[in-house]
Structure formats: structure tokens, C-alpha cells
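**Student:** My structure is below; once you've seen it, I'll send some questions.
Number of protein chains: 4
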Amino acid sequence: MIPRYTRPEMAEIWSPASKFRIWFEIEAHALDAMAALGKVPEEAARTVWEKGGAATFDVDRIDEIEREVKHDVIAFLTHLSEIVGPEARFVHQGMTSSDVLDTCLNVQLVRAADLLLADVDAVLAALESRALEHKYTPSIGRSHGIHAEPTTFGLKLAGHYAAFARCRARLEAARAEVATCAISGAVGTFANIDPRVEEHVAKAMGLKPETVSTQVIPRDRHAMYFATLGVVASSIENLATEIRHLQRTEVLEAEEYFSAGQKGSSAMPHKRNPVLTENLTGLARLVRSAVTPALENVALWHERDISHSSVERGIGPDATVHLDFALRRLAGVVEKLVVYPDAMQRNLDRLGGLVHSQRVLLALTQAGVSREDAYSLVQRNAMPVWRGEGQFLDLLKKDPDVSAKLTDAELEALFDLDYHTRNVDTVFARVFDA
Amino acid sequence: MIPRYTRPEMAEIWSPASKFRIWFEIEAHALDAMAALGKVPEEAARTVWEKGGAATFDVDRIDEIEREVKHDVIAFLTHLSEIVGPEARFVHQGMTSSDVLDTCLNVQLVRAADLLLADVDAVLAALESRALEHKYTPSIGRSHGIHAEPTTFGLKLAGHYAAFARCRARLEAARAEVATCAISGAVGTFANIDPRVEEHVAKAMGLKPETVSTQVIPRDRHAMYFATLGVVASSIENLATEIRHLQRTEVLEAEEYFSAGQKGSSAMPHKRNPVLTENLTGLARLVRSAVTPALENVALWHERDISHSSVERGIGPDATVHLDFALRRLAGVVEKLVVYPDAMQRNLDRLGGLVHSQRVLLALTQAGVSREDAYSLVQRNAMPVWRGEGQFLDLLKKDPDVSAKLTDAELEALFDLDYHTRNVDTVFARVFDA
Amino acid sequence: MIPRYTRPEMAEIWSPASKFRIWFEIEAHALDAMAALGKVPEEAARTVWEKGGAATFDVDRIDEIEREVKHDVIAFLTHLSEIVGPEARFVHQGMTSSDVLDTCLNVQLVRAADLLLADVDAVLAALESRALEHKYTPSIGRSHGIHAEPTTFGLKLAGHYAAFARCRARLEAARAEVATCAISGAVGTFANIDPRVEEHVAKAMGLKPETVSTQVIPRDRHAMYFATLGVVASSIENLATEIRHLQRTEVLEAEEYFSAGQKGSSAMPHKRNPVLTENLTGLARLVRSAVTPALENVALWHERDISHSSVERGIGPDATVHLDFALRRLAGVVEKLVVYPDAMQRNLDRLGGLVHSQRVLLALTQAGVSREDAYSLVQRNAMPVWRGEGQFLDLLKKDPDVSAKLTDAELEALFDLDYHTRNVDTVFARVFDA
Amino acid sequence: MIPRYTRPEMAEIWSPASKFRIWFEIEAHALDAMAALGKVPEEAARTVWEKGGAATFDVDRIDEIEREVKHDVIAFLTHLSEIVGPEARFVHQGMTSSDVLDTCLNVQLVRAADLLLADVDAVLAALESRALEHKYTPSIGRSHGIHAEPTTFGLKLAGHYAAFARCRARLEAARAEVATCAISGAVGTFANIDPRVEEHVAKAMGLKPETVSTQVIPRDRHAMYFATLGVVASSIENLATEIRHLQRTEVLEAEEYFSAGQKGSSAMPHKRNPVLTENLTGLARLVRSAVTPALENVALWHERDISHSSVERGIGPDATVHLDFALRRLAGVVEKLVVYPDAMQRNLDRLGGLVHSQRVLLALTQAGVSREDAYSLVQRNAMPVWRGEGQFLDLLKKDPDVSAKLTDAELEALFDLDYHTRNVDTVFARVFDA
């Protein structure tokens, strides 16, 4: 995880301290269940909770032991026994390291998903607020970067809101994918552990028992999780790209908020760079880079191999941390986005009314002109406008063949922006009232 | 799509003929809705359905027109008007090409998903049948490719069943992602078309209206769809890898079915290569290769650019066709897999009982031996077995320090395979009774 | 390969007919070498060349045989013996199918590379010609999409020329990577074939003997090849993105050539969409999608598994065909690009001279003003310009604190575009005289 | 970078301290060149070198300034002026931040490449030594995981040596790709800086001047660099996969070195897991994950956008650090690999001589038996062997139809392993004498 793109809340989930705390809870809950089943003394479970629960695990000490025994879970258990004393011998009985490691990873991914869901909520809130604010702010719609027909800035934002609402649902599904627990032993047969222990731990940790674990929790779950993060990242890139376009010098319909103190702003007042959204574009690439290795992690050999582990040490923290940061940054960008409705109107007007040519064509056809003739009428009035010789509406009014079919009032109506926004309410209702 | 990895059912969905049929239906349903709204004569809609519905669209003719006008939808509409006559002028009014193209793509992806769901069902049926057949067939569980503890072959298959059951649910969700329709005009404002037209077409085509379309249907939906195919492909690779491992000469616990006629089988009877599952491994890579471009397709410029189109012309057919083929091939491989329980037992016995060392260790501990001493007892009996000097059980029985703690009967019980399969019922119930 | 993005020259390389012709040549050259070594009768080699060389292999017949024997090379050899007669029994002796398949694949990839090199040459020629044409055409340089300092349009193109010159060198290296031949038998030990046969075939086919083949030619070579195609695709995307930006309505400094016949051009004269470069953007994604599966193909099991084969049946033709098409399309776009120097100048002037603020700042500093004061002087004259209240140069001239340090002539010199193009010659010499 | 997969040498390259040192050197060398050109006082350059050269830059202080000015290079320059005093005002004149940032990144990537080259050399040395040691150690060659024909363990390793020798050459090329320097100003026109400054800095830093930089150094160079790392990673995965296969319980022809102290080794002597090579498999996935974002970084907008930056903050250190670690780990695994020639021989003999069936078939054909009859003869003797009823050679000797054509001595010769190793010298000469 890159420090400057890291928020402490998410980093905390992946800290050694958090990890050891989760390991402890898994072991201690398992012990509870074993005690309830009469497999170990209830006293042992109580002691472990008391002493271990109160302890702060010494990460350096555990690292030191690991360097010697070359096994992370054994290192932890050794340290735990240093804290708990002889009762520690009941801990982990019949369990395998992966029971702890995989269940812990899923707890971390679930917690990460919870933060990401809150992040998406922040993005949604910002988008909704700005979409409502600019519900009727006219703005040119562009296909292929070329002016097409009018839309509103609010509609643009509503579309992104809808995309992030979908992302939210996908994140919920991704969270459910990895919200499973395995306490099933060396090859998943529960040979040395009662399945009820797994059920107890699962419940206690907010998870469900994994249907079939084979030492490991199957990695198609994690593949789906990271693939989902990749899709969310792409939706971020989509909105970031929109803002970058709107901010470019020739368009300048909106700008990222630029704080007063930021160096260089006023000697070159034009040089306000959309660096936040460019950064988001890059972060989207980084988050997406987790998808392929996560897919490659699925085909482990037989009941497990450990190739997935190094991958997850990388993409687990990195993808969640960077996505968390990106979503928060995006929420801030949207909230504080400086919008220039005048510039939007100016750009709309820029082509002398040619953006209405399609409507004029349709109106002529509906007024009985053949498609071919209508096309030719539009064309002969559009070309001078394109060369900068007049406004489209004026020329049409003056063209006798046009005015024979459409009155001035009818023509003016064709240039009415309100026409294009008639159905904004309908779309907004779909987005925000659903 | 690679011909040898193509099934006609899926290829058909992507044929020009299917595409033009879907285009026609979209246009004709839209016309119905416009007629119902009084925008166009009912007669026109009727005529279009009658003449167009009966027609076989001439793909070559449409291609010919397209070469001239350089626009696929206009080429189709021109050809349609050749078939339908003057009534054709009411077709497509107020619509934009993408309304047809994007809705059609989604219809195709939905149909492809339906085939894929049926494919997964075939895989599930094969897995369930073989899992039940081998529910109690003992087989060594392996972690890191090394013998760990016993499991059953049925449990292995049950795990893959559970994975494909998850894939099924994911495909359902992916299908819902793309089951949307857009008939919203040049920039998605419904400027020239009533939203009720979209509602009608959506319903008629088995889709839902897209919440916000901006000329195009947002590509995060398709990204999620293809990402899901990638996850399914990885689950195929996972099972394929298992079978490839089981078939290797030194393991040979199972073999792909090898038809009598297949060249080279009997002069080199050992040379039965797991070529089908190797092929599935490759196909999984191919299908997954659609994921990244689909993610890159999300960030279109403003209301749309057409960069997504060439990508989808590739990955649309390719990923669905190859995944369809792969799933069917996999179902066949599983159905006809030749399983060798004797070989499984032979491999289980191969290490002279060392796979039970973990249980012996645990039993000694539970019998009051310290962990350290237990370890040392196991070790001194395990090493000769590892050097090929005897069976583990025999040596343990002969070791006075061991027999002081565990009777022969107790020791024999520790080598009982049934112990490891006690919970198979529980796991199967989770998988198949859920 | 998608028909509309396929040129016949490249498709031909991948046709079954070409493949069988290459297979024949490999077998016949190998036979020559065996005859020269006295392993087979010279007569046999002569007959095979005569009859086989004259034959057109019947693809349908070979397919028919393959359906029966389920082995492509055996099917071909059977068909060859139908053509050649009994002498065919000497063909393929001591060889393994992969000797033919892998050597053929490399011949195809080498030929594809040759076409791609010619394609890049076409791109280079177009870029050089247009770069020289616009060597001194002033144009605003933009960082972050925001006006920065002046550059020339020729410099932009020269930069892309340099990138494609690098791509050319990379393609040469990629070609060399795969220009190897393997005729080394079942596990690459030359057990049943003399290494001199391989040397002969290699030379005859324009290849080098593979250092170590293990039934297959190692796939790191192909991974490097496809990775290189991915980089070339990204350079295409880079130039395509530049053009798409230049064509957007608000910028409109250049446009893709729009043929007179293209539908819809003149009724909506503004609606000339950069569809070719958008298409190139998509094709770049498609070509790049070959990189990951090619990387995944490297780790074959032991001396070979066949998982790479299905991948290569896809990416081999697809990546080369689409890249070939994309490069040719790009060459055409550059050649015929409609460039608007007036618009470039207009955009340059758009900010009232603020793009020169950096130079003014520097000049003031060099004239002895402290950095802080200089900044403040620039700022107080820049802000009114930014608000649309005057030209920067005029305001500076009128500012007594500025004119105390810089004369009008000095100030004017700071706004001289030639200043920015002084070193264009130097850069062009680096690019075109290297 | 993941701490446990990080070597200090490589991490050091990416440390803030190294970065600021490189920044300083770039600035100071540029100052030298400016002084030589008479643009700044020589005294200034001398002072900067003296004071700055002796200084240890205070990373925390620079971070503190950056938090205020939100610009990393300005923060550094501010800190530098704190150290150097008023002479610092001559530093960075006419330069742009990217001149420093991009040149620094390339210096870091070049240094990383140098470490990686040394790493590959370590891998090559280990492979050569072990290949020579086992040049004639017989071992079964396997295609599709199935026994094919004999090879030697040395040949296997020689093949991997050849692959890493190719990787070395590719890394050299990748190093050259990024060994460029840009000191060309805001949009690469050298508007405010003399191109000779760039030449001087380039030479001083061991780089070449970038042909055309546009504020940034073009990212196709970096894409090629990271793509090359991806290929190297795949070659690591290839060798790691081989070792994992050789270590699996049923094969056990080689094992990763297992240190005496490693927990759990002797109570379960069979449970020596190939965790290092599994780890390398995962690391290969991680390193490869840099390729796609690096390819996506190429298409920056106009003269630059900053989206590449966050990507490179991630993949720059991560991909080089993890690859460096992986190569060193691989070298160690190969050096210390425990090889079991007896087990290789046992596996070779496992099929009762059937691996020679192909040779017998050929010999019969050469002895005048028709291909069909030869096949049938081989088949009828192979099947009993396959069922475990005898050795292939014995049965062939007893078959009168076989012995009519081949004497016992001739048959025995067909089972001679030396036959398969006749050309080992030839191959080794290609690999090691080239």
C-alpha cells in the first residue's frame, strides 16, 4: 500500500496487530465451542479469554519466533502460550493453520468491504446532492467527443449515481462471497474437529461456515471479490474521465476544487490541473491489477498449495486500501466540484444552434417533406453556420422552403432546451426514488 | 471464436442472422409502442411485423449497403425498407443506432447466459452423480502436492460442485446485470421518444429499462458480466488441474475417458494424455482474457465513444462461445471420468501409514504425553518408515514407550480410514441438501 | 479474428491452406536432410517434393480424417500419403507432432511480424511526412488537458514517430525471439532424429535451431512476442487518443478524413466523429488482451502440456490480425488527417497570452525582481485576463512596476512563439537523422 | 512491497533518501551544465554541490513542506534552499518538475535492472552448476504429465538455463529502454533550457537523452520494461512448477532443501512441502500484475497527464522488489535442491519398459514390418505389461514374431538409456558454449 493513498481506517484492518487479534478471537471462540462440547476444560477457555483478551500481542516477539520456526501460526501460538500459560495447550487442537489464516483473511475482507460500502455511500451522497442541484442545468451531451444533443449536468451525475448504486449492490454481493469461515482441519474432513466448532466460530465472527473447505477456503470466492473491486475501480475511472474532460481548457465546464494555498494557482490562473481525477484514473488501474492474479489464484493444486498466499499479502491490503482512498477522494471531488453553468451554456451555444439540426430534420419530415428533401434543406442552412456565417435558427427562418413548412414559432420551439429536459423527472425518479 | 471450440447453439446467438432478427424485433416492438401512443399509424406497425416478420434478412445485401453508407444500422434499415415498403419510414423514429445495438447486445448476452446456465447445470449434474458414487471412496488428501490426511474422492467432487453452484448464482447475477434495454435517443434524454416506448420494448424482449442510458447502456454492467465469466473459467481450470494431476503416470487415480478409436492408445497403453483438461486449462486463460478489456471499456468519454464496440465484437462471441464449449467439455469429462479406487487406496497406503502420524501425535498428547515427548516418539518411528523399513503401525506397536500409553487396539483405531470420513455426511448435506 | 478488422494478407498466414503448406515444407525439408544423411532414400525425398509440392491439400479431407483419428498431424500425414503414395512412409520418421506444429507456429509468427514491420513502416512514413509538413505549425502544448506552453504540431507527431520507431525495433526483437525451429523428437533429446535435420530445416525455413526444446519450443519466447504486440497496441492507443482529443468540438484542431459519401456529414456538419481512432482505442484493448494468456502459457508441465495450444489458436491469429489492421488504419488516419493550423492558433490565443506567464515570471526574476515580487506582479496582471478583461501583454505593458523592469520590446519578445520553436530542429534531428 | 519478500538492496533504491539524492544529483548536474553555458554563476554550482552533496536530506522536513505546498519537487527545492542558502535560487531554472521526476524514475529503474541482472546471473550460475552435475542423470521425460521418453535431469535444467539466458538478454534490452533522461521543460520544447543541459545530465547519470520528451518521458518505454519483468516472472513460474511437480509425494525426484530446524519435519518426514517454489508461483503472479497497468499508462493525454504516477508509485517498487526477491529465492532453491537420482531411475523403470515402445515400433518398421503389423506386435506385448504382468523387454524377446525380426541383442539395445542421451553433448554445447 502506497502511504499517500492510504487511510488509517483501512490500513488498520491489515495491521499485524489487527491480524493477531483476529487470530486470537478465532482460536478463543473455537476453544469455547470445544469446551461446550466437552472436549476441553471450560476453565481453559475462560483463562485464554481472560489473559489473551487483555493482552496486547507483541508483534516483534512473534516475528522473532517466526524467524526461528519459519511458521507464522506456530509463532503466534507460541507467543500466546507465553501469555496464557499452560492452558494454552488446549488451543488450536485438531485445527490446521489455514483454519486460522483463511478465516482471518475473510474477516479482514469483510471489514474492508464494510468500509468500502461506507465509501460508496459517501460517493452516492455527493452525487445525489450535486445531481439534484444541477437537475436542470443545461449542458451539451457529447458522443465521440462531438456535440450531440442537449442534456443536463444533473442527468450526467444521475447516471454516475446509478452506476455507483450498482457498485454498492455488487460490493454487498462480494462481501457475502467472502463472509465464510473454515475450521475443518488438514484436508477439510473435520477429522479432528467437530463441525459444530466451525459453526460456533462462524457465528461469533459474523461469518457462515464454508460449504466445503479443503484445508483452504476456495479461492473462487476471493476471485469474485477482487473482480468486483476492479469493476468499482472502472466506475471511478469513468467519472474521473468525465471530470477531466470537463476541466480541460477548451471546455472548462467544471473544475476540481483548488484550495487557496495551493502553489501556483494565481500567477497562472488557467493552470488548475485536474490532478485528483487523473490520480483516480491511475488508482483505478492499480486496483484493477488485482483482478488477474486473483483469478490465477483459483486453481490451487489438490487440497491446497500456498501460491495464493503471497498474492494475497499483496493484493489484499493494496486493492482495498487504494480503492478506499480513491472512493473517498472521489466523494470529495464531487462534493466540492466547481461547476460553471454559464460555460455549459456557452458551449451549448457554440455551434450556432446546429445541435438542433436533428430535431429540425425530424420536424420537416413530420411536416410532410420527404426525408431526402428535408436532409437537403437542413444541409444548406447548416453549412453556412458551420463556416461561422450566422445562426442556424435565423437562416432557417429566412429559407422560404423551410418557412413554407414550419412557422417561426414552430422553428423556435425546435430550439427550445426545455424540450430536451422534459423527461429528466422520469429519469430522476428511476434513479433516486427506486 | 475458434471453430473447434464452438458449439452451434452459442454461435447461432452471435450470427448476423440472429442479430438482424433481434434488431427487427426491437424496431418492430418500438413501433408497436409508438402506434399505441398515437405517434405513428397502427397500420404501419402491422405492416412492418407482417412483412418483416416473414422475411429472411439478406446478410450480404445489408453488408453491401453498409460498405456504401458506412453505418450498420442505416444499412439494415435501408434493407428493411426494401422489404417493408413505404411504411418503413415510421421505423426508428426518434431512436438512435445505439438504442438498437445496445439492446441487441444485451439480448444476446442474456441468451448466452441462459446457455451458460444450462451448461453449468450439466456440470453440476455430472459432479453430483460422481460425487455420490464416490462419496466414501477413500483417497489421499494432498496439501502442497504432498500426502496430508485421507479424504474421499466424493468429497473432492463435492467441493467442486459447491464451486459450480456458486458459479451458477454468479451467472444469474451477471445475466441480471445485462438484462436491460435502452430506447432513449441520442444522449439518453428521451428527447424524441417517449420513455413508454422503452418500457414496452424492454418487456417484450425480456429486459428491464436501463436506469440511465447516455446513448449507450453503461459498460460497468458488461464489465461485471465478463468478470463473472472469468471467475467461472477459473473454476473450470481448478477442476481441470485436479484431473490432470490425478491422471499423471505416478498418480493415476483417474483418467479422462479414452475412446477405443483414438489413435495410439494401445501400443503405448500408458500414453493416455489428459488432453481434454489441458485444453480446458487453456480455454480458461482465453475466457479470462476478456476481463481486462471489459474493465477498460467502462470509462467511455462523455455520453459515449465507440471504443467499446470493437472490443465487444471480439469478446462478446469469443468469451461466451469458448466458455460454453469448455463447460460442456468439462461436463463430459466428469461424467465419463474413469476412476480407479484401487489406485487411490494404493497411493493412500504408499507411505506405510505415515499419513496417520498427526493423529498418533494427538492421541499421545491426549494420553498425557507432553507435546515434546509425543513428537519425539512419533519421529523415531516415522523415520524408519520413511526409509522404507517397515510399516508405521507395526513399529508403533513395538515401541514400548508408545504401547505404554496406547494399546494395540487404540493404535489400530488411529489408522482407521473411517475416522476421516465420519463427517462426510455433514458436508454432503451442506452441499446437496441446501 | 473479427472479419471487419481483418486484412487478407494477414489472414492468409493463418489459413488452413497456409498451415498445411508450411507443414509440408517442414516435413519435406526434414526428409531432404535425412536423405542427405543416408537415413532414407533420396528418391523418397524427391517424390515427396514433386507430388506434395504440386498438390493443393484438401482441407476438408484432412478435417474428415482428423475427426476420425482425433489428431491433426496424423490426419495431415494420412492425407499426404494419399497424395504421395508409398514413399510417404519415410516422412516424419523420428519426429514428433510438435516438431511440425511448433516450427509452423513460429514460421507464421515470423511472417506476421514481417507484415507488422511493414505496417509500422507505413505508420512511420505517414508520421514523418506530416511531422515535416507541420514542423513549425504552432500549437498549444497541454499538460493535464490544460494549456501549458506552445509547441508545434510537428513536434507532437515527431514524438509519436519516435515511439513507433521504438516499436519497430521491439518488433524486430520479437521476430527474432520466435524465429526458431525444433525438430528434436518426443522430449527434445534427438533420440530418434539427428540434430543436423533440425539445422537443415531451420535454415530452409529462415529460422534458427531452438537451443533447448522439450517436445515444445519454450513459451517464454511467445510470451515476449505477444507482450511486444501489447506495447505496440498501447502506442497506437496513445496516438489515437491524441487525435480524438484534437477532434473534439471545443478543440477541433484536426479531424479524421471524412469521405464525401459518408452518411450524415453535411446536415450535421459538426457531427464528424473520430470513429476510426475510437475504434483503434478499442482494438488496442483487444490486442493487449493477448498478453496475459501468453504469460500464463509459459509454465507448461514438465516437457510439455497442451494447454498453450487453445490459447494460441485464439491469440495467434487474433492479436496479429487486429494489430495489422489497426496499424494500417492508423497509417491512413495520419496520412489523411485534416489539420487546422488556424484553429491551433486560435486555441493558442484563447487565454489572452496567459500561456506566456511562466516566461514573464522568469524574465522578471532575471531582471532582478525577487521571485516573490515577480510572482505577485504576474498574478495581478493575469487575473483580469482570466476574467476576460484584456490581453496579458497589454496589461503588463501598462503596469508601471513591470515596465520599470522590462521594456515593451522585451515584453513582446516574451510573447514570441518562435522562442518556443528554437529547438525544434534539434529535436527533429534526433528523431529523423538518427 | 511486502516486507517478507523484500531485500534491502532493492528496497534501498526506492527509499525516499535515495530518491532525494538522485533528485539532488540531477539538479546539481544541470546546474553544472548551465554554469558551463554561462547561464548561471559557476560559484552557484560549486556551492550547491558542496553544501547539498554533504547534506543528508531530511525526509520528514520535506514531507512537512509538501503537506503545505502540495507539490513534491517544490518541497524538495525549498528544503534544498534551506541547506544551500541563496545560491539555491539558480537551481531548477527553466526546468519542470517532470524533468527531475522522470529522470529519477529512470535512474531507479536502471539500478533495479542492474540488481535483477545480477540476480539472473545467480540463477544462471546455480542452473549451470546443477545441470553439469546431472548432465547424464537419467530421468523420465513427461508430456501431459505422462511418461514419454527418457531424458536427463541435466537437460531439464539446461533448458531452464537457456530460458534465463534469454531473460537476461531481455532485461538488458529493458534496461536500455528506460535508460533515458529528459531535461526539456514544460512541454518538451527546451523553451527555457538548453538541450546541452540535458546531454550533460544524461551522461553524468549514465543515461541517454530522450529522443522526444513531452514534459514526460514516453511511457511505452516503461510498458516494455514491466512487460519484460512479467516474462521473467513467467520463466520463474515455469521452473518453480517443475520443482513442485518433482517434489510431489508420488514423484519425489527432487526436494527443496529443508533446514534441520524447520518445524514439523521429522515427525512427518514425508511432509516436506515445496513451499518456496509455491511461493515463487504466487510471486510470479504478483510481478505479472504490473504488466497491464503499465500498458494502460502509455496513452497519456496530450503532452502529459499524471495518471501514470500513482501506478508507478505502486508497480515501480513492487514489481522490482518482488522479482528481485523471487530470483534470489530461486537461485537458492536450485543451488540447494536435493536431487534423488535413484528415484528418477525408479520412476523411469516404473512402466516395465513401456517408455521404449516407440523405439521398438520404429525398429520393427525399419526391420521391414509394415507399420500396421508393427503396431499390433507392440500392442500385444505392451498390454500385459500395462496390466502388471511382466516386463516389456522379456515379453518382446519371447514373442516369436518379434524375435523373427529383432535379435535379443537388438531388442536390448532398444532399451538402452544411453541411446537417449547421445545428443546431450550437442545440446549442452548449444546452451553453455554459445
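Taken in order, these protein sequences are the chains called A, B, C and D. Numbering follows UniProt numbering, with no gaps: position 423 of the first sequence is 423. Numbering follows UniProt numbering, with no gaps: position 221 of the second sequence is 221. Numbering follows UniProt numbering, with no gaps: position 379 of the third sequence is 379. Numbering follows UniProt numbering, with no gaps: position 15 of the fourth sequence is 15. Virtual Cβ for every residue (Gly too), placed ideally from N, Cα, C.
Does any CB atom of chain B fall closer than 7 Å to the CB of A88(A)?
**Tutor:** no
**Student:** To the nearest whole angstrom, what separates the beta carbons of residue 435(C) and E9(C), a pair I think is in contact under 8 Å?
**Tutor:** Coverage of chain C is limited to positions 1 through 434, which leaves residue 435(C) absent and any answer about it impossible.
**Student:** Would you please verify whether the beta carbon of P384(B) is less than 7 Å from any beta carbon of chain D?
**Tutor:** Taking CB atoms only, P384(B) has no neighbour in chain D less than 7 Å away.
**Student:** Residues of chain B with CB under 8 Å from Y419(A), in chain order?
**Tutor:** A191
**Student:** Entirely within the UniProt domain "Adenylosuccinate lyase C-terminal" (352-432) of chain D and at least 4 residues each: give me those alpha helix (DSSP H) ranges in chain order.
**Tutor:** 357-366, 371-386, 392-398, 400-403, 408-414, 418-421 and 424-432
**Student:** Going by the DSSP bridge assignment, what does V338(A) pair with across the sheet?
**Tutor:** V338(A) is bridged to E255(A).
**Student:** I140(C) by DSSP, collapsed to three states: which one?
**Tutor:** strand
**Student:** At the level of alpha carbons, what is the spacing between R170(A) and I217(B)?
**Tutor:** Answer to the nearest angstrom: the Cα atoms are 18 Å apart.
**Student:** Taking only beta-carbon positions, decide if S307(D) is within less than 7 Å of chain C.
**Tutor:** no
**Student:** Does the beta-carbon distance from D119(B) to L280(B) come in below 7 Å?
**Tutor:** no
**Student:** List, in order along the chain, the chain A residues whose C-beta lies closer than 8 Å to that of P138(C)?
**Tutor:** What P138(C) touches in chain A: nothing, since even the nearest Cβ is about 16 Å away.
**Student:** What does DSSP give as the partner residue(s) for I146(C) in the beta ladder?
**Tutor:** S143(C)
**Student:** May I have the straight-line CA-CA distance separating residue 437(A) from R380(A), to the nearest angstrom?
**Tutor:** This structure leaves residue 437(A) out entirely; chain A is present only between 1 and 434.
**Student:** With DSSP as the reference, label K19(B) as helix, strand or coil.
**Tutor:** helix
**Student:** To which residues does DSSP link C181(A) through a beta bridge?
**Tutor:** DSSP, once it has assigned bridges, lists P209(A) as partnering C181(A).
**Student:** In the segment 349-360 of chain B, which residues sit with their C-beta less than 8 Å from some C-beta in chain D, listed in chain order?
**Tutor:** Taking 8 Å as the Cβ-Cβ cut-off, the segment 349-360 of chain B approaches chain D at R350, L351, L354, V355, S357 and Q358, given in chain order.
**Student:** Per DSSP, what are the beta-bridge partners of R304(C) in this structure?
**Tutor:** Answer is S143(D).
**Student:** For V231(B), collect the residues of the same chain with a Cβ closer than 8 Å to its Cβ; drop the 5 residues on either side in sequence, then sort them by chain order.
**Tutor:** C167 and R170
**Student:** Suppose you measure from the CA of M1(C) to the CA of Y5(B); what does that come to, to the nearest Å?
**Tutor:** 14 Å
**Student:** Who pairs with T152(C) in a beta bridge, going by DSSP?
**Tutor:** P138(C)
**Student:** Within the 7 Å Cβ cut-off, does S265(C) reach chain D?
**Tutor:** A caution first: S265(C) carries a pLDDT of 47, below 50, which makes its placement in the model unreliable, though a value can still be read off. Chain D, which has no Cβ nearer than 7 Å to the Cβ of S265(C), makes this no.
**Student:** Could you give the distance in angstroms between the alpha-carbon of A45(D) and the alpha-carbon of H200(D)?
**Tutor:** 14 Å
**Student:** Below 9 Å on C-beta distance, what does Y5(D) contact in chain A?
**Tutor:** From the beta-carbon of Y5(D), the residues of chain A found nearer than 9 Å are S310, R313 and G314.
**Student:** Please confirm whether E255(D) and R244(D) have their CB atoms less than 7 Å apart.
**Tutor:** Against a cut-off of 7 Å, the Cβ pair of R244(D) and E255(D) comes out as no contact.
**Student:** How many angstroms separate the CA atom of D433(D) from the CA atom of K39(D)?
**Tutor:** 55 Å
**Student:** Is it true that the CB of A75(A) sits closer than 7 Å to the CB of E66(A)?
**Tutor:** yes
**Student:** Show which residues of chain D have a CB atom less than 7 Å away from the CB atom of N423(C).
**Tutor:** T189, F190 and P195
**Student:** What residues match up with T214(C) in a beta bridge as DSSP calls it?
**Tutor:** Answer by DSSP bridge pairing, in chain order: V216(C).
**Student:** Can you give me the C-alpha to C-alpha distance between H71(A) and H270(D), rounded to a whole angstrom?
**Tutor:** 18 Å
**Student:** At the 7 Å Cβ level, is M268(C) part of the contact set with chain A, yes or no?
**Tutor:** yes
**Student:** Return the CA-CA distance between E410(D) and V298(C), expressed in angstroms with no decimal places.
**Tutor:** 40 Å
**Student:** Measure the C-alpha to C-alpha separation of G264(C) and L361(A) and round it to an integer number of angstroms.
**Tutor:** Because the pLDDT at G264(C) is just 48, under 50, the model does not fix this residue reliably, and the value given afterwards should be weighed accordingly. Spanning the two alpha carbons is a distance of roughly 11 Å.
**Student:** Pick helix, strand or coil for M1(D), following the three-state DSSP scheme.
**Tutor:** coil
**Student:** Could you check which residue in T241(D), V110(D), A290(D) and A33(D) has the C-alpha nearest to that of I13(D)?
**Tutor:** V110(D)
**Student:** Please name the residue in V311(D), D305(D) and Q366(D) whose C-alpha comes closest to that of I146(C).
**Tutor:** D305(D)
**Student:** Check the Cβ of G332(C) against every Cβ in chain B and list those closer than 9 Å, keeping chain order.
**Tutor:** Ordered by position in chain B, no residue passes the 9 Å Cβ test against G332(C), which lies about 14 Å from the chain.
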